[in-house]
Every structure is written in C-alpha cells, then in structure tokens.
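Engineer: Here it is, the structure, as structure tokens.
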Amino acid sequence: MDEKYSSPFFFSFIFLISFSFSFSLELETYVPNSLPKPNSLCPNKSWAVKAQAQAEAQNMSKLQNSTIINLALRLEHVDALVSGLSSEELLSLQLKRDAARASYIFARAGELDLSFHRRGNLSLDLTGSVMPFYGGYATRIGIGTSPRYMNVILDTGGQVNWVQCLPCQKCYSQVDQIFDPTQSTSFGTFTCRSKVCRRLPESKCIRRTKTCGYQVTYEDGSFSNGEYGRETMTFEGVKFENVAFGCGHENVDHSGPNHYLAGVLGLSWGKLSFISQIRDRFGYKFSYCLADRFNSSQSSSIVFGSTWVSPKTVYTPLINKDGLYHVKLEGFSVGGVRVPGIKSKYFKIDFWGRGGVIIDSSMTTTLLTQPVYIALRDAFRAATWSLKYARGTSYFDTCYQFSGDSVSQFRVPTVVMHFKDADVSLRANNLLIPISDSGRYCFAFRSTNSKMSIIGNMQQQGIRVVYDLEQELIGFDPMTCA
C-alpha cells in the first residue's frame, strides 16, 4: 500500500489544517451501551407466540373488505433469535456474517478481490458462508391455508422468496414446523414454460410433475432447491394470494445457527421479489426503521406502502444494477469539516460495471473502498485525540477504551454522509460499536480492497430509510424512527 495513504499523520495533518479555518469541531454526546446480554435479547418463542396470536386475533373479513394503505411489521435482528451463545460470541458471529455477506454481494456485482483490510498489508480472506441468513433482520409470516407461521429473513439483495418444505430430501433443522404444501388448500404450481418460471435466475423443469423448479446457490456450496409455486401469505392478519415462492425440498446450509429461520423474503429490485409482487396493492415503496441493537428498549419495523415522513426527509437517486440498491455517495464530513482526499472516482461504477456504493440491510458495519476508509478513519482519529485509545482487533483498527473512567458519557465528532442531493447526519451510536464487555468500542467502519463500498445497517439505525422504487429514490428521515 502507498505510504502516502497508510500514514495516519498525513490525513490528520490535512484535516487539522482544514479545521483551523473553522471555529470549532461539531461534537455530540455519546453514552456507551454495553454488549447486549443473551438474556436481554428477545426470546424467539415469546415473539413467535405473540406474533401468531396477534395475527389470529385480527378480523380477517374486516381487513379484506377495508382499504389498507400500508402494512407494518415488527422486525427482530437475527441475533435475537439465537440462544446458547455469549455476548462476545454473538459479536464474533456477527462480524463473520459481515464477511460472508460482503463476499455474496461482491460476487453478484462481479467484484474479484474479496478481502478486508485491517492495517498495512494484512487482510482477511473471505472464505466463509454467503447465505443471506447471515446478518440482518427477520419477521414472522404465515404461509398457506390455514397459515403456518415461521420466521424469514429480509434480503434487500435477493429476489427469490423461499422456505423449507415437506417432503424433505435434505433440510436443516428449524424451530418452527416445516411447511407442508399438501396440507394447504391454496398452494399452486407454475408450468415450466410460464413467464414466471422464465424469470427465475436459476430454473429447471421437474420432469416427474412437469412443473417449474428453482435453485438458489451460494458460493460456499449452500443452496435451496425445489418446486417454484404460489401460495397465500399472511402478515399480521393481512393476506396476499398467489405469492410466488420457492418450496425448498432440498436445503443445504453451511452457514451456522440458522435453525430459527425458515427461509428468505426477497426485497430487491427483481421482478420476483416480494415488494415487486405486491406493488399493485401497496405501491412500489417500502421503508424500515432499524433500532439501536445495543438498546433493548427499542424495536425495529418495516412498512410496505406509503407512510408519513417528516419534512426533514432528504432523497437521493437509486440506481438499479444487478438488482442491488446503488446510491450516489459523494463524501464525508467529520466534526463539520469536509474530509479531504476523497475523490469522486472512488464511488463511481467504472466502464466494466465494477465499483459503486450499495445500501444493504444485512451488512452490519459499513465497508468503504480503501482510500476512502483511510481518509475517513484518519479524520475521525484526529478529531478524537482526547479519547483513550485501545488496541485494535483483527476486524477493527480504531478502538477506544471507555470503562474505568469517572464519566459515563463522552464527546465525539459528528459524521455526515454526503449523497447527491442529500446529507445524512449519523448519530454517535452509528459510529462506535461495543466489541467486549470490558468497555472497548471501535469505529464501526471497515476497509475493503474491492472497488465497491457497502453501507451497513449500523449506519442506518435510528433513521427511517424509504425506498421509492417507482421514482427511483431513496430517502432518509431522522425524525420518525421511534
């Protein structure tokens, strides 16, 4: 790596010169939250029972005959569904999930170099699983008539909806009953020559039944394989008929403890995604609010359809490429000062279709292409010179020690992401992630030597993120995420 970029003194010097022309750095108060204890996470069984009871308590006929302008669903982070792991083990799993998710996204976008940088020439090779289960948020849905309830992961990078189905040729263990299409009166199939079947990324014809088959394959050898059909899906008492989805009879999962999840609900720009299939009912729009995962008093949600947003909502263009949500990021400010050294070319999609910036709901931390990360990190370091530094980790190179101090809150610089036509201010909790029970916190951005950057869900927490696919815009509302 070029020493001009590797030296923290280079950007610190430039940044401090820029700062000298302003009156003072913009700071905000940071109250550290510790790693969540496993017992404080939402127990999957109580969530399941509560969600199912709420759905069954709804008056179905009343809902079907009334005008519903949107559908709001509760979300849980997947870690809240996992038991038997310590707080630090959950964090380690979460960071490995990030590596897996990045590998999945980079491969889809045609990126060749799939490694993170820590410091110097040290890199971590991404050879883990790339199942979309890794990271992200889950919701609970009912499938079939009468509905069977199960947890599914939301995937803004995928378009194929699927769940495990009986009979199982090979299925991984899941806590909810596996869906049996023969016990539902509303299950149907597609012919091999149907338009829907031809839209699948990987399709096949099942000779025995002459029906459409699907396969979703991931880089580590994990896959879901089965019949592509249609079924009634129920969300908080609201029914959607004839939703196309994969009924997976053969599901191989090398990705870890996913037995709390039955499948995937795709939310990408693809024509077979769930959001695309319900656009005639709720419009081509959805939004979510992701709560601070280290504050157990808050909850996350997703809304399909229009919802009220504050006048402070700002919008930036969305770019549809590879079914992923690309955005036009232009730079960063730290403490109210624009970070120097970040060139526009670092965010652009090149002639070969590589690079750019996407926003993703399953990545935890934000990955920035190496020159951008170094410039942002060094500006943040220069603005936090008064804080107590801590030893870095294999994942993070900028860390702080907050335990043992006589104060319970600290001042950290503001950070703003500058998009085309939109500036998004990040809160202190979007910037620092607790990595141990001993009070060590790290800068929640990481470097990649890929040309592509990925905005993770930690930098989206506390902000309503609005996807308006009809207008090809994405909005950020800092006021309505309760």
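What the sequence shown shows, in mature numbering (1 follows the signal peptide of the UniProt record, and there is no 0), is residues -24 to -1, 1 to 458, in sequence order. Backbone N, C-alpha and C fix where the C-beta goes; we use that ideal spot for every residue, glycine too.
1. If you count every other CB in all the chains shown that lies within 10 Å of the CB of Asn405, and 16 or more means buried, which is it?
2. What are the residues that DSSP puts in a beta bridge with Val313?
3. Spell out a yes or no on whether the stretch 330 to 338 and the stretch 415 to 422 are touching, meaning 3 or more CB-CB pairs, one atom from each, closer than 8 Å.
4. Rounded to whole angstroms, what's the CA-CA distance from Gln407 to Gln435? Just pull it up for me.
5. How would you call Met455, buried or exposed, if buried means at least 16 neighbouring beta carbons within 10 angstroms?
6. According to DSSP, simplified to helix, strand and coil, what is Lys321?
7. Cutting at 6 Å between CB atoms, please list the residues of its own chain near His394, excluding the five before and the five after it.
8. Taking its Cβ as the centre, do 16 or more other Cβ atoms sit within 10 Å of Trp245, making it buried, or is it exposed?
9. Please state whether DSSP places Arg84 in a helix, a strand or coil.
10. Compare the Cα-Cα distances from Lys146 to each of Thr374, Ser198 and Leu343 and report the closest residue.
11. With a CB to CB cut of under 7 Å and the five nearest residues on each side skipped, what residues in its chain are close to Leu363?
12. For Leu445, which beta-bridge partners are listed by DSSP?
13. Helix, strand or coil for Leu69 per DSSP?
14. Just confirm the distance between the C-beta atoms of Val136 and Tyr190, as a whole number of angstroms; I'd bet it's less than 8 Å.
15. I need the DSSP call for Asp397, collapsed to helix, strand or coil.
16. Once the 5 residues before and after Ser275 are set aside, which same chain residues still bring their CB inside 6 Å of it?
17. Determine whether the beta carbon atoms of Thr318 and Phe372 lie at a separation below 9 Å.
18. Thinking just about the alpha-carbon of each residue, which of Gly451, Thr390, Leu248 and Leu51 is nearest to the one in Ala398?
19. Reducing DSSP to helix, strand and coil, say where Lys247 ends up.
20. Out of curiosity, what's the CA-to-CA distance linking Glu446 and Pro123?
21. Output the distance between the C-alpha atoms of Lys427 and Gly299, rounded to the nearest integer angstrom.
22. Taking just the CA atoms, how far does Val442 sit from Thr132?
23. Can you list, in chain order, the residues of its chain whose CB lies under 6 Å from that of Cys173, leaving out five sequence neighbours each side?
24. Specify the secondary structure class of Pro157 as computed by DSSP and reduced to three states.
25. From this set, Ser162, Cys181, Phe163 and Ser160, which residue's C-alpha is nearest Ser170's C-alpha?
26. So, helix, strand or coil for Phe216, using DSSP?
Structural biologist: Well, looking at it:
1. In the sequence shown, counting from the first residue as 1, residue 405 sits at position 429. Flag for Asn405 reads buried.
2. The residue you call residue 313 lines up with position 337 of the sequence shown. Residue pairing from DSSP places Val313 in a beta bridge opposite Val310.
3. No contact exists between the stretch 330 to 338 and the stretch 415 to 422.
4. Counted from its first residue, the sequence shown places residue 407 at position 431. Counted from its first residue, the sequence shown places residue 435 at position 459. According to the sequence provided, residue 407 is Leu. The question's Gln does not apply to it. If you take the alpha carbons of Leu407 and Gln435, they lie about 7 Å apart.
5. The sequence position of residue 455 within the sequence shown is 479, counting from 1. It counts as exposed.
6. For this step, residue 321 is matched to residue 345 along the sequence shown. If DSSP states are grouped into helix, strand and coil, Lys321 belongs with the helices.
7. Here residue 394 refers to the residue found at position 418 when the sequence shown is read from its first residue. Only Glu306 and Gly307 meet the Cβ criterion.
8. The residue given as residue 245 occupies position 269 in the sequence shown. Buried: at least 16 other Cβ atoms inside 10 Å.
9. Locating residue 84 in the sequence shown gives position 108, counting from the first residue. When DSSP states are grouped into helix, strand and coil, Arg84 belongs to the helix group.
10. Within the sequence shown, residue 146 is the residue found at index 170, counting from 1. The option with the nearest alpha carbon to Lys146 is Ser198.
11. Against the sequence shown, residue 363 aligns to sequence position 387. Excluding five sequence positions before and after Leu363, the CB atoms of its chain that fall closer than 7 Å to its own CB belong to Tyr376 and Phe386, given in chain order.
12. Within the sequence shown, the letter at position 469 stands for residue 445. When beta bridges are read from the DSSP output, Leu445 appears opposite no residue.
13. One-based indexing of the sequence shown puts residue 69 at position 93. It is helical.
14. Within the sequence shown, numbered from 1, the residue matching residue 136 stands at position 160. Within the sequence shown, numbered from 1, the residue matching residue 190 stands at position 214. Taking a contact as a CB-CB distance under 8 Å, the pair Val136 and Tyr190 counts as one, their CB atoms being some 7 Å apart.
15. On the sequence shown, residue 397 is found 421 positions in, with the first residue counted as 1. The three-state secondary structure of Asp397, taken from DSSP, is coil.
16. Mapped onto the sequence shown, residue 275 falls at position 299. Beyond the five residues adjoining it in sequence on each side, Ser275 comes within less than 6 Å, by CB distance, of Ala267 in the same chain, given in chain order.
17. Position 342 of the sequence shown holds residue 318. Position 396 of the sequence shown holds residue 372. In the sequence under discussion, the amino acid at residue 318 is Ile, which differs from the Thr named in the question. Between Ile318 and Phe372, the C-beta spacing is not below 9 Å.
18. For this step, residue 398 is matched to residue 422 along the sequence shown. Out of Gly451, Thr390, Leu248 and Leu51, Gly451 has the C-alpha closest to the C-alpha of Ala398.
19. Residue 247 sits at position 271 when you count from the first residue of the sequence shown. Lys247: coil per DSSP, three-state reduction.
20. The residue you call residue 446 lines up with position 470 of the sequence shown. The residue you call residue 123 lines up with position 147 of the sequence shown. Approximately 31 Å, taken between the alpha carbons.
21. Working through the sequence shown from its first residue, we reach residue 427 at position 451. Working through the sequence shown from its first residue, we reach residue 299 at position 323. Spanning the two alpha carbons is a distance of roughly 18 Å.
22. As a position in the sequence shown, residue 132 is number 156, starting the count at 1. As a position in the sequence shown, residue 442 is number 466, starting the count at 1. The alpha-carbon atoms of Thr132 and Val442 are separated by roughly 13 Å.
23. Locating residue 173 in the sequence shown gives position 197, counting from the first residue. Apart from sequence neighbours up to five positions away, the residues of its chain that approach Cys173 with a beta-carbon distance below 6 Å are Phe166, Ser179 and Cys188, ordered along the chain.
24. Residue mapping note: residue 157 aligns to position 181 of the sequence shown, counting from 1. Three-state result, Pro157: helix.
25. Residue numbering aside, residue 170 sits at position 194 when the sequence shown is read from its first letter. Closest option to Ser170, judged by alpha-carbon separation, among Ser162, Cys181, Phe163 and Ser160: Cys181.
26. Locating residue 216 in the sequence shown gives position 240, where the first residue counts as 1. Here Phe216 carries a strand assignment [DSSP, helix/strand/coil].
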